[in-house]
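A short worksheet on the structure shown next.
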Amino acid sequence: NYVEGVPKESDMYISDTATIKLKVPHEEEASPSVLVKNLYLSCDPVMRIRMRKPGDETSSYFTPFAPGSPIVGYGVSKVVDSKHPEFKAGDLVWGITKWEEYILIKNTQSFFKINHTDVPLSYYTGILGMPGMTAYAGFYEVCNPKKGEYVYVSSAFGAVGQLVGQFAKLMGCYVVGSAGSQEKVDILKNKFGFDEAFNYKEEADLTAALKRYFPQGIDIYFENVGGKMLDAVLLNMRLHGRIAVCGMISQYNFEQHQGVTNLMHLVYKRVRMEGFFVPDFYHLYPKFLDLVVPFIKQGNITYVEDIVEGLENGPASLVRLFSGRNAGKAVVVVARE
Ligand code: NDP
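Residue 1537 in our numbering sits at position 79 of the sequence shown; the count goes up by one each step and never skips.
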């Protein structure tokens, strides 16, 4: 069935299918298909949007999952057999796959071959995959950041947020992040180098909290949360500030959006608020790798993952995103090689 409200583990089920064939089937041999073994799967907030009933405003942007079919999402996979000229058995790839052990991919357009294998392979679900590209595109391409600016990141310990904060620090910005526990707040400051961080769940008045951390106002807001958080940010923006709208996770379990009443402040402060969608930026992936891989290797950037073992633990991992019980990028290990 389609999901209503907060997703639960029982909204998903595990099923055993028949024998696994380790070859591209005969009938597919003429098409450029690739049979892959999934190694790491990514849990992403957008999966909740795709669990909605078709027909609401989101369906034309995110195709709803068909009940009873495997979850579709990003993963890291190994090519087992290939009829595609650009992929051969043994290649490692990341891109859009399904929550299955093996899968025949007929459309390889979303696949990127993995060339740097001297970093953890799971990173291609996070810092070196879709969330990493999201942080990169949103921060560098949408926010137009400058050294010394005041940057605020919500859901700052998430797959995207932890990287945005570190990019902003490397650029010489003053960076504050928010997250939903004291433990996350400590890591934001002590491991990722945020100048300040706070637990938004402990703040009765978000507008006052932001005023405390940004007495001069916010130049750049990297929006992951929406709702009341966005409303409080609007009151704290500086003249000519920028808001990169990456996502609004606080709204994904509601039918109607809630909590934003201060949009006139876009006018008062001449703020540019711009939504973006990461697939529009994948042509920048090689440039992104040139920047981020050296940062990882030299220790300028760190990344925290929340890893669970076994496809059977995938639903629990996915559900945790919506209560903030994930600490870092949520990854499901299906197989390590
Ligand atoms: P995260 O790893 O940040 O996981 C979600 C986190 O959101 C949770 O850990 C929790 O952290 C926080 N959260 C959950 N529910 C709420 C709530 N009701 N109010 C406030 N915070 C909440 O996810 P990602 O980093 O993968 O994604 C971050 C955002 O980026 C999402 O909105 C996602 O949809 C969006 N996105 C957009 C893309 C694009 O192309 N535009 C691509 C990829 C992601 P805590 O409460 O502890 O802070």
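A virtual CB, placed ideally from N, CA and C, is assigned to each residue, including glycine.
Can you tell which of the options has the C-alpha that lies nearest to the C-alpha of residue i?
| i | options | result |
| --- | --- | --- |
| residue 1505 | 1474, 1470, 1538 and 1496 | 1470 |
| residue 1713 | 1605, 1692, 1631 and 1516 | 1516 |
| residue 1767 | 1546, 1739, 1501 and 1468 | 1501 |
| residue 1658 | 1670, 1650 and 1648 | 1670 |
| residue 1523 | 1618, 1566, 1508 and 1729 | 1508 |
| residue 1488 | 1664, 1542, 1521 and 1463 | 1542 |
| residue 1741 | 1581, 1599 and 1528 | 1599 |
| residue 1660 | 1681, 1674 and 1638 | 1638 |
| residue 1601 | 1628, 1731, 1563 and 1662 | 1731 |
Excluding the 5 residues preceding and the 5 following residue i in the sequence, name in chain order all residues of the same chain whose CB lies nearer than 8 Å to its CB.
| i | result |
| --- | --- |
| residue 1478 | 1559 and 1560 |
| residue 1632 | 1606, 1607, 1608, 1609 and 1653 |
| residue 1676 | 1608, 1609, 1610, 1668, 1691, 1694, 1695, 1696 and 1699 |
What separation, rounded to the nearest whole angstrom, lies between the Cα atoms of residue i and residue j?
| i | j | result |
| --- | --- | --- |
| residue 1530 | residue 1622 | 25 Å |
| residue 1604 | residue 1678 | 10 Å |
| residue 1616 | residue 1786 | 5 Å |
| residue 1703 | residue 1583 | 21 Å |
| residue 1494 | residue 1566 | 11 Å |
| residue 1464 | residue 1743 | 33 Å |
| residue 1665 | residue 1689 | 8 Å |
| residue 1577 | residue 1780 | 29 Å |
| residue 1723 | residue 1729 | 8 Å |
| residue 1556 | residue 1550 | 16 Å |
| residue 1759 | residue 1484 | 46 Å |
Please list, in chain order, all residues of the same chain as residue i whose beta carbon is under 6 Å from its beta carbon, the five residues on each side excluded.
| i | result |
| --- | --- |
| residue 1635 | 1611, 1614, 1623, 1646, 1652 and 1655 |
| residue 1472 | 1770 |
| residue 1480 | 1538 |
| residue 1793 | 1497 |
| residue 1525 | 1459 |
| residue 1733 | 1703 |
In chain order, what residues of the same chain have a beta carbon less than 7 Å from the beta carbon of residue i, not counting five sequence neighbours either side?
| i | result |
| --- | --- |
| residue 1736 | 1588, 1591, 1592 and 1595 |
| residue 1467 | 1773, 1774 and 1777 |
| residue 1710 | 1503, 1506 and 1507 |
Any heavy atom of the ligand MG closer than 7 Å to the beta-carbon of residue i?
| i | result |
| --- | --- |
| residue 1524 | Among the ligands present in this structure, namely the ligand NDP, the ligand MG is not found. |
Hey, is residue i's beta-carbon within less than 8 Å of any beta-carbon in chain C?
| i | result |
| --- | --- |
| residue 1784 | Here there is only one protein chain, and chain C is not present. |
Could you tell me which uninterrupted alpha helix (DSSP H) segments, each at least 4 residues in length, are contained entirely in the stretch 1674-1715, listed from first to last along the chain? Runs found: 1685-1694.
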